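Notes to accompany the following structure.
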């Protein structure tokens, strides 16, 4: 067995029949659309990405109190504007990755698109 493989394998729970498969994967329920209202949760990830059209966007991943994973994408040019500007000031965020781990409360307002409903964050702040 190579050293690299030993480093990532959990030796206590390793099953020799499945050890070549790596660790078992699980999936969380994840959604881009939730009901309108107020929510509390933790930002578990925040990162820059490019769309197929080449636009810069920021993806925020929230774990809500009920365990649901909610994802919200914001145009890169708007991430420093309201409503995120208030959270940036409150938490003293300097980089997008610094949103990760913040406990927040936020309000959702939905808008109907041609083919789907979009959940938009209208207000967000630290949950203190």
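In this note's numbering, the protein residues as written are 984 to 1111. Backbone N, C-alpha and C define an ideal beta-carbon position, used for all residues, glycine too. It should be emphasised that the depicted structure is a prediction, and the values quoted were computed from it without experimental measurement.
Proximity of residue 1018 and residue 1083 at Cβ, strictly below 8 angstroms: no
Residue 1093: CB within 7 angstroms of a non-hydrogen atom of the ligand PLP: This structure lacks the ligand PLP, and indeed carries no ligand of any kind.
Cβ atoms of residue 1024 and residue 1046: under 8 angstroms apart, would you say? yes
Distance, residue 1067 Cα to residue 1100 Cα: 21 angstroms
Taking the Cβ atom as the reference point for each residue, do residue 1102 and residue 1015 lie within a distance shorter than 8 angstroms? yes
Could you tell me the alpha carbon to alpha carbon distance between residue 1087 and residue 1049, rounded to whole angstroms? 14 angstroms
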